[in-house]
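Quick notes on the structure that follows.
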Amino acid sequence: MLAWIARGLRQGRITTGYPRAAESPPPGYRGAIEVREQPGPAPAELRALCPTGAIEVDGGGRVSVDRGRCILCGACVEAAPERFAFVAAYETAARSRGALTVPRTDESTLGPLSQTLAEQARALGRSIHVRHIDCGSDGSEEWEIQALWNPYYDVQRLGFFLTAAPRHADILLVSGPVTRAMREPLERTWQVMPAPKALIAVGTDACSGGLAAGGSLTAGGVDGVLPVDVYVPGSPPAPIAILHALLLATGRLAT
Amino acid sequence: MNGAAFDLPGAKREPAPPDEVRLRLGAGEFDRGVRALRAAGARFVTAFKTGAREPTVAGAFALHGELIILSAPLEPESLAALAGFWPAMSWPVRELLERVAPDSVVGGPRLTEPDASRIDRGVTGLDVFTIPYGPVRSGIFEAIQFQIETGGEDVPRIQTRPFFKHRGMEARFEGLAPERAVYVAERVAGIASAAYACAFSQAVERALGVAVPARAERWRAVYLELERIACHLDVIAKEAETTALYVGQARFQILKEQVTRLRARLTGSRFARGVICPGGVRFEGTMELDELLGAVDSLERDLHRDRHLFNATASMTDRLIGSGQLSRALIENYSAVGPLARGSGVATDARHERPYGDYKRLGLRVVTRPEGDAMARVNVRFGELSESLRMLRQSIDQLRRSDGALLAPLPRSRSGAASGWVEAPQGELLIWVELGRGVLRRVHIASPSLRNWALFDHAFPKDVLTDFAFIEHSFGLTPAGADR
Numbered sequence: 001m002l003a004w005i006a007r008g009l010r011q012g013r014i015t016t017g018y019p020r021a022a023e024s025p026p027p028g029y030r031g032a033i034e035v036r037e038q039p040g041p042a043p044a045e046l047r048a049l050c051p052t053g054a055i056e057v058d059g060g061g062r063v064s065v066d067r068g069r070c071i072l073c074g075a076c077v078e079a080a081p082e083r084f085a086f087v088a089a090y091e092t093a094a095r096s097r098g099a100l101t102v103p104r105t106d107e108s109t110l111g112p113l114s115q116t117l118a119e120q121a122r123a124l125g126r127s128i129h130v131r132h133i134d135c136g137s138d139g140s141e142e143w144e145i146q147a148l149w150n151p152y153y154d155v156q157r158l159g160f161f162l163t164a165a166p167r168h169a170d171i172l173l174v175s176g177p178v179t180r181a182m183r184e185p186l187e188r189t190w191q192v193m194p195a196p197k198a199l200i201a202v203g204t205d206a207c208s209g210g211l212a213a214g215g216s217l218t219a220g221g222v223d224g225v226l227p228v229d230v231y232v233p234g235s236p237p238a239p240i241a242i243l244h245a246l247l248l249a250t251g252r253l254a255t
Numbered sequence: 256m257n258g259a260a261f262d263l264p265g266a267k268r269e270p271a272p273p274d275e276v277r278l279r280l281g282a283g284e285f286d287r288g289v290r291a292l293r294a295a296g297a298r299f300v301t302a303f304k305t306g307a308r309e310p311t312v313a314g315a316f317a318l319h320g321e322l323i324i325l326s327a328p329l330e331p332e333s334l335a336a337l338a339g340f341w342p343a344m345s346w347p348v349r350e351l352l353e354r355v356a357p358d359s360v361v362g363g364p365r366l367t368e369p370d371a372s373r374i375d376r377g378v379t380g381l382d383v384f385t386i387p388y389g390p391v392r393s394g395i396f397e398a399i400q401f402q403i404e405t406g407g408e409d410v411p412r413i414q415t416r417p418f419f420k421h422r423g424m425e426a427r428f429e430g431l432a433p434e435r436a437v438y439v440a441e442r443v444a445g446i447a448s449a450a451y452a453c454a455f456s457q458a459v460e461r462a463l464g465v466a467v468p469a470r471a472e473r474w475r476a477v478y479l480e481l482e483r484i485a486c487h488l489d490v491i492a493k494e495a496e497t498t499a500l501y502v503g504q505a506r507f508q509i510l511k512e513q514v515t516r517l518r519a520r521l522t523g524s525r526f527a528r529g530v531i532c533p534g535g536v537r538f539e540g541t542m543e544l545d546e547l548l549g550a551v552d553s554l555e556r557d558l559h560r561d562r563h564l565f566n567a568t569a570s571m572t573d574r575l576i577g578s579g580q581l582s583r584a585l586i587e588n589y590s591a592v593g594p595l596a597r598g599s600g601v602a603t604d605a606r607h608e609r610p611y612g613d614y615k616r617l618g619l620r621v622v623t624r625p626e627g628d629a630m631a632r633v634n635v636r637f638g639e640l641s642e643s644l645r646m647l648r649q650s651i652d653q654l655r656r657s658d659g660a661l662l663a664p665l666p667r668s669r670s671g672a673a674s675g676w677v678e679a680p681q682g683e684l685l686i687w688v689e690l691g692r693g694v695l696r697r698v699h700i701a702s703p704s705l706r707n708w709a710l711f712d713h714a715f716p717k718d719v720l721t722d723f724a725f726i727e728h729s730f731g732l733t734p735a736g737a738d739r
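Sequence lines, in order, name chains A and B. In this text, residue positions in the first sequence follow the working numbering: the first is 1, and each later residue adds one. In this text, residue positions in the second sequence follow the working numbering: the first is 256, and each later residue adds one.
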């Protein structure tokens, strides 16, 4: 056992300073899609570039991308690099579904329940208990949520603790588009959580259904079943992106 | 690799890509073919519906380094009987029948439509109760349910209930061009994105007769082995967590995060998504190869020390030795694959049985252990980590020395059908694709997770309830792949 402790100590400190210090993704990291301004209206055919229908071209030829649908495949960047680009960013979460669309038009605010949670969190010395439920993810979201408690991210330093019991939980992290068989377990889990509480949709599948949205087997996103306080897009979102969402839900970051 | 050719009298041999043998049987003969294959020592892989005009059942079997695809007119009654004849066929055949001939399935709960609140009792006796564990798990785990019948310690009966996560992913492929459909493949089982993308791409390439450039095959092997390393480290970290060996857990989590970050440096995605595609790979890895090699070396050094400590920690190994014993006979009856099979002495590995891509050159040493317990399955993974690092170094070295094309063009508007396979971290993955005029018409996925989970019900012969988590993690499966 001592050998393990020595081995652990020899590693030194590797934990991120986020959110106190900025954490920058590796160069070329595909964190989100941004729209590049171009003179003149865009052709409506740009829409067809996206396998999940995230690209919109309005009547005036203005292009927008709904990050809540985007699976970060890069098909648009490959076909129209003058219009679309990857940005190496982690902080992509937003407090409303509309605010996931870029360029951003919707100003997002925290819902009343989550607002109360934020106030209470401050009063309680910022200790927050988190619970997760999988509603049909591809399995990668679970890895990225688990990673929050590894030494690189260690969110316990920020007061986020994992709890097994929904009755002890303040925040529910939901992954997946919500399959038929998981609809009722999701509703029951949310029901038994005491108020105030917040719900975070983790990943593009949880935000909109993503590629799994077609067909009648899923609810096409968590907000088809329950109100969502914070949306984190990404396929899957990186641990820092999920941490950003936790901080938004508890009012410790404004955007 | 090829041994004696399997001979089935009365079967019509149809043209097929290399390593694949297609045998067509007449009405009422599927049963005979399956029995002959089992008698010949074949491993069952999957069963699925095919055929454009008349409904046809196809069964895939691995035998002597070949994949045998047996097809015949689909007759629900005789198929249902086969589910009882060969345990390996039970779940796949039940799934097939529930989907294509629901009227033929009578009585009993449906495998593919689980109900979280339904509780089964199979064992009666004083103080025996049923614990429905899942689909909401006590931690950050994927959704699946286990109905555990126990008197408190002994576990006389466990029933695994998959399909809570069924998203209908196979149908999501239909109508898409292969270049776009690979995005669906990557999201069937996200922790094995590269394996799914690669198996799907290989199936398309085999169906259309496309030769992949050698350089693309090397990059694919790099992503596949990095993925295997991440998955194996995940299993080992979870075993350490279950014993409350927190420093050990942290060590293996650190290594896993390092591998994940390497993949992000190489591809922009922490799961190496968006790079493997039908025809090859989309781009060169965006990291200096010397630096990548240095990272592999440092990973190997750290892993060597942590493995030594792990094996020297009695509180860790005591919980794994003898837990979740699976006999060789059980593995063979269920046609189990991956580290699960190799931990019971069955040397099955798709990279070795039917080598594909760079594995034709890499010369894999298949790691097996004879004990059949959770410790053996962890030791197989430790052995495979070393082997993966060795192959990584070899592939990277070849990438450094040579240059070449990354992508072969796919012929437009062509039709064809073929299977593609990859040894995913969880075991052999097979994807069957049918293309019509350049778009996907049908896709069937045989995931290692679904096949291996059928064995979980038998993994508690001498074990008690508190061994549950150790045994579950030693299986190392993903419900997303099983449920699709």
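Built from N, CA and C at the ideal position, the CB exists for glycine as well. Just so we're clear, the structure is a prediction, and the values are computed from it rather than from any experiment.
CB contact flag (residue i, residue j, <8 Å)
i: Q11 (chain A); j: I509 (chain B); result: yes
i: V719 (chain B); j: E408 (chain B); result: yes
i: L334 (chain B); j: V312 (chain B); result: yes
i: D545 (chain B); j: K511 (chain B); result: no
i: R104 (chain A); j: L46 (chain A); result: no
i: A462 (chain B); j: V688 (chain B); result: yes
i: C486 (chain B); j: G731 (chain B); result: yes
i: G598 (chain B); j: R624 (chain B); result: yes
i: P390 (chain B); j: A398 (chain B); result: yes
i: A371 (chain B); j: A181 (chain A); result: yes
i: R95 (chain A); j: V222 (chain A); result: no
i: A241 (chain A); j: G234 (chain A); result: yes
i: V355 (chain B); j: A701 (chain B); result: no
i: K420 (chain B); j: A735 (chain B); result: yes
Assigned exposure category for residue i - 16 Cβ within 10 Å defines buried
i: P81 (chain A); result: exposed
i: Q457 (chain B); result: buried
i: E119 (chain A); result: exposed
i: G61 (chain A); result: exposed
i: N257 (chain B); result: In this prediction, N257 (chain B) has a pLDDT of 46, which is less than 50 and means its spatial position is unreliable; what the coordinates show is noted afterwards. Under this definition N257 (chain B) is an exposed residue.
i: A709 (chain B); result: buried
i: H699 (chain B); result: buried
Any C-beta of chain A under 8 Å from that of residue i
i: F419 (chain B); result: yes
i: V502 (chain B); result: yes
i: R354 (chain B); result: no
i: M256 (chain B); result: Confidence in M256 (chain B) is poor, its pLDDT being 42 and thus under 50, which makes the residue's placement unreliable; the coordinate value appears in the next sentence. Chain A, which has no Cβ nearer than 8 Å to the Cβ of M256 (chain B), makes this no.
i: V536 (chain B); result: no
i: V467 (chain B); result: no
i: Q508 (chain B); result: yes
i: E480 (chain B); result: no
CB contact check: residue i to chain B, cutoff 8 Å
i: D66 (chain A); result: no
i: I240 (chain A); result: no
i: M193 (chain A); result: no
i: T101 (chain A); result: no
i: I5 (chain A); result: yes
i: C50 (chain A); result: no
i: F86 (chain A); result: yes
i: A169 (chain A); result: no
i: I71 (chain A); result: yes
i: A93 (chain A); result: no
Completely contained beta strand (DSSP E) runs for the segment 31-99 of chain A, where each covers 3 or more residues: Counting only runs of 3 or more, we get 32-35, 55-57, 63-66, 84-87.
Cβ-based contacts, 8 Å cut-off: residues of the segment 207-235 of chain A near chain B: Using a CB distance below 8 Å, the part of the segment 207-235 of chain A facing chain B consists of G210, L211, A212, G214, G215, L217, T218, S235, ordered along the chain.
Start-end ranges of the beta strand (DSSP E) lying completely within the segment 313-391 of chain B, minimum 3 residues: Listed in chain order, the complete beta strand (DSSP E) runs (minimum 3 residues) inside the segment 313-391 of chain B are 321-328, 384-388.
Complete alpha helix (DSSP H) runs within the segment 547-587 of chain B (minimum length 4 residues, chain order): List check, alpha helix (DSSP H) in window: 569-575.
Interface residues of the segment 124-158 of chain A facing chain B [CB-CB below 8 Å]: Within the segment 124-158 of chain A, the qualifying residues are H132, I133, D134, C135, G136, S137, D138, G139, S140, E141, E142, W143, E144, I145, Q146, A147, N150, P151, Y152.
Residues of the segment 427-442 of chain B whose Cβ lies closer than 7 Å to any Cβ of chain A, in chain order: Along the segment 427-442 of chain B, going in chain order, the ones with a CB nearer than 7 Å to a CB of chain A are R427, R435, Y438, V439, R442.
Beta strand (DSSP E) runs contained entirely in the segment 652-711 of chain B, provided each spans 3 or more residues: You should have 671-679, 682-691, 694-701.
Completely contained alpha helix (DSSP H) runs for the segment 179-207 of chain A, where each covers 4 or more residues: For the segment 179-207 of chain A, whole alpha helix (DSSP H) runs of length 4 or above, ordered along the chain, are 180-192.
Under 9 Å (Cβ pairs) to chain B, residues found in the segment 20-31 of chain A: Within the segment 20-31 of chain A, the residues whose Cβ lies closer than 9 Å to any Cβ of chain B are, in chain order, P25, P26, P27, G28, Y29, R30, G31.
Selection of the segment 176-188 of chain A by Cβ proximity to chain B, strictly under 9 Å: Against chain B - using a Cβ distance shorter than 9 Å - the residues of the segment 176-188 of chain A are G176, P177, T179, R180, A181, M182, E184, P185, L186, R188.
Sequence ranges, alpha helix (DSSP H) only - wholly within the segment 403-453 of chain B, length at least 4: Runs of alpha helix (DSSP H) with 4 or more residues, each lying fully within the segment 403-453 of chain B, are found at 424-427, 433-441, listed in chain order.
Contacting positions in the segment 355-382 of chain B - beta carbon closer than 8 Å to chain A: Only E368, P369, D370, A371, S372 from the segment 355-382 of chain B bring a Cβ to less than 8 Å from some Cβ of chain A.
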